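Engineer:
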Amino acid sequence: MASLGFLIAAKYQHYQCGVLLCPTASLANYLCDLGRERARRKTDQTRAVSYSGMMTYEKAVRELPYLGHVLKTKVVIAGLDVSCARER
């Protein structure tokens with residue numbers, strides 16, 4: 001029933017919702033490790049290698065209450081994870 005209501009609201013543009021897809025902390029760490037390795041390969045070893053982190057599902061859920069007053073639509077936060085991601 002809820003999905004029917006969502007489809008009707010979407011058709012008549014009465015429903016607005018934002019979606020934020022974020023990697024989980026374990027997947028984000030894995031992706032950052034890959035980014036650091038690529039950065040290290042692309043630079044000469046005389047310079048320090050840096051690679052910035054990224055937003056994680058856990059961080060988004062933790063910070064959403066502080067941003068709620070700014071948002072005018074409902075927000076759905078979903079976490080993406082990969083079972084083959086290695087642990088740190």
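FYI, UniProt numbering numbers position 9 of the sequence shown as 9, with every residue one higher than the one before it.
Beta carbons: idealized from backbone N, C-alpha and C, even for Gly.
Just so you know, these numbers come straight off a predicted model, no measurement behind them.
Buried or exposed: which applies to A28, given that a residue is buried once 16 or more other Cβ atoms fall within 10 Å of its Cβ?
Structural biologist: By one-based count along the sequence shown, residue 28 stands at place 28. It counts as buried.
Engineer: To the nearest angstrom, how far is it from the Cα of Y30 to the Cα of I77?
Structural biologist: Within the sequence shown, numbered from 1, the residue matching residue 30 stands at position 30. Within the sequence shown, numbered from 1, the residue matching residue 77 stands at position 77. If you take the alpha carbons of Y30 and I77, they lie about 20 Å apart.
Engineer: Using a Cβ-Cβ cut-off of 6 Å (strictly less than) and excluding sequence neighbours within five positions of E58, which residues of its own chain qualify?
Structural biologist: Translated into positions along the sequence shown, residue 58 becomes position 58. A25, listed in sequence order.
Engineer: In this structure, does DSSP put G68 in helix, strand or coil?
Structural biologist: Taking the sequence shown and counting its residues from 1, one reaches residue 68 at position 68. Three-state result, G68: coil.
Engineer: By DSSP, does V75 sit in helix, in strand, or in coil?
Structural biologist: The count along the sequence shown starts at 1 and reaches residue 75 at position 75. DSSP places V75 in strand when its eight states are reduced to three.
Engineer: Find out if the Cβ-Cβ distance for the pair V22, M55 is shorter than 8 Å.
Structural biologist: Taking the sequence shown and counting its residues from 1, the one referred to as residue 22 is at position 22. Taking the sequence shown and counting its residues from 1, the one referred to as residue 55 is at position 55. In the sequence as displayed, the identity of residue 22 is Cys instead of Val. Taking 8 Å as the Cβ cut-off, C22 and M55 qualify as a contacting pair.
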